[in-house]
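One structure is given here, and the rest of the page talks about it.
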Amino acid sequence: MNIANIGIGFVLVLGVLILVHEWGHFVVARLFGVRVDVFSIGFGPRLFGWKRGATDYRVSAIPLGGYVRMAGQDLSEIDSGEQKPTGAPDELMSKKRWQRALISLAGPVVNLIFPVVLLSGYFVLKGDPYPKYMDEPLVVLDLPKDSPLPQVGVDAGDRIVSLNGVSSPTWATVESVFDKRPAEKKFQVTFEHRGELRTAEVTTAGMQVPQLLFGDPPNRPIVGFAEKDKPAYRAGIRRDDIVVSINSKPLNNWQEMVTAIQNASGKPMQVGVVRG
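Residue numbers for the sequence shown follow the working numbering, so the first one is 777 and each next one is one higher.
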């Protein structure tokens, strides 16, 4: 992402935020009967726009800002050449103090509400970004070094069949099971090891999260984006590629990939990917 793209993105985002902010002032001002002379995106000379009712809706030359000009604003806020307050009932300063206060607060309040509405709309259209792997069976992939599971015979690739009486636990349910441990912090674990069911008891004292016992869930390292001027893109890696190995070592989850990259200490790596 070059500087020009960053600059364009900044201007666009700023423009949207200002538009929403000024729209908040505008709507509440009109609600209280205040005449709005100008609704402008940008400052400086008027480039184009249209007039509807008493309001001139315009786009101005300098995009870094925007404003709503209401009739009868305080003299210190009146632009050069604009009419001074006359005391007309549709002017801002003719309204009650609480109305003027609400008009002033409307912009910031709408700015706070806007992201909530935007994200809610996104989730309605796209759905909750809930990772599917959380509903997969609890299969141990890479046990932490301090996990007590290897001591009772659990190896990578074993499936946890039952956990404290809860059958077929998933990565999503294991946390609630973990939080409901008995006071002595012991677990009854039934697991499938090479086709054989085994049961063992493990102690989890001092462990605050289930990842310390079972390791990380299988959140596959999927490339979110690949920038054209970066080494990964030049090597042929593209968006949505699944990174399956680094330096011939298979990867089970995102954390393993992060660790492998950190261990490379900036040296060249052989990266294996699967393209969907």
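We put the CB at the ideal spot given by N, CA and C, even for glycine.
- Look at residue 1025 here: in three-state DSSP terms it is strand.
- If only complete runs of 3 or more residues are kept, the region 961 to 993 shows the beta strand (DSSP E) at 962 to 969, 972 to 979, in order along the chain.
- Residue 996 has its alpha-carbon roughly 29 Å from the corresponding atom of residue 976.
- Per the coordinates, the alpha-carbon of residue 1042 lies some 11 Å from the alpha-carbon of residue 1007.
- Within the region 866 to 912, complete alpha helix (DSSP H) segments of at least 4 residues are found at 873 to 902, given in chain order.
- Beta-bridge partners assigned by DSSP to residue 939: 942, 965.
- The shortest C-alpha to C-alpha distance from residue 963 to any of 779, 981, 944 is the one to 981.
- The three-state reading of DSSP puts residue 816 in strand, counting E and B together.
- A straight-line Cα-Cα distance of about 15 Å links residue 879 and residue 794.
- Taking a C-beta distance under 8 Å as the contact criterion, residue 813 and residue 845 qualify as a contact pair.
- Below 8 Å, too few C-beta pairs join the region 880 to 898 and the region 925 to 940 to call them touching: fewer than three.
- Remark: C-beta atoms of residue 1013 and residue 1049 approach each other more closely than 8 Å.
- Taking a contact as a CB-CB distance under 8 Å, the pair residue 991 and residue 919 counts as one, their CB atoms being some 5 Å apart.
- Per DSSP, residue 996 is not a residue of any alpha helix (DSSP H), being assigned neither H nor E.
- By the beta-carbon neighbour count (other beta carbons within 10 angstroms, threshold 16), residue 888 is exposed.
- Per DSSP, reduced to three states, the secondary structure at residue 811 is coil, with no helix or strand assignment.
- The three-state secondary structure of residue 844, taken from DSSP, is strand.
- Excluding sequence positions up to five before and after residue 911, its CB lies within less than 8 Å of the CB of 946, 947, 948, all in the same chain and listed in chain order.
- Residue 781 and residue 940 have their C-alpha atoms roughly 54 Å apart.
- For residue 1049, the enclosing beta strand (DSSP E) stretches over residues 1047 to 1050.
- Residue pairing by DSSP places residue 803 in no beta bridge whatsoever.
- Shown here, residue 1018 sits in a strand according to DSSP, grouped into three states.
- Under a 10 Å Cβ-count criterion, residue 1004 is classified as exposed, with fewer than 16 other Cβ atoms of the shown protein chains found around its own Cβ.
- In this structure, DSSP gives residue 934 a state outside helix and strand, which the three-state scheme calls coil.
- Taking the Cα positions, residue 1032 is about 23 Å away from residue 954.
- Take the alpha-carbon of residue 1015 and the one of residue 994: they are about 19 Å apart.
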